[in-house]
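Presented below is the structure to which this report refers.
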Amino acid sequence: MIADFVAQFARLIASNPDDIRVEVQEGDEITEIVLYANQADIGKLIGKSGKMIGAIKTVISGCKAKDGVSYRINVEPI
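In structure tokens:
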């Protein structure tokens, strides 16, 4: 559910939405969401001073309060 939200949100922002791919790596304490995007879209996804990725992290932190799972997001180029 969280990974789907991140993927859809990233597709709305990106200039190359077909290149967006999300992988989920579940651990014992932290679930890591890796967002793969085209090199040209990395700046758009992170935003000025990290504000865009910060907004995504804020929304996900609300999910942490609901289900008790900690999430970490990484943005990687393809």
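For what it's worth, this note's numbering labels the leading residue of the sequence shown as 62, then goes sequentially.
Backbone N, C-alpha and C fix where the C-beta goes; we use that ideal spot for every residue, glycine too.
Note that the structure is predicted; figures quoted are calculated from it, not measured.
Burial check for ALA75: the Cβ neighbour count within 10 Å reaches 16 or more, so the residue is buried. Pairing VAL67 with LEU106 gives a Cβ-Cβ distance that is not under 7 angstroms. In this model, SER122 and VAL130 are separated by some 9 angstroms (Cα to Cα).
DSSP places ALA75 outside both helix and strand once states are collapsed to three, so it counts as coil. Residue environment analysis places ALA98 among the buried positions, since at least 16 neighbouring C-beta atoms fall within 10 angstroms of its C-beta. VAL120 sits in a helix when the DSSP states are folded into three classes. By the C-beta density criterion, LEU73 is exposed, having fewer than 16 other C-beta atoms within 10 angstroms.
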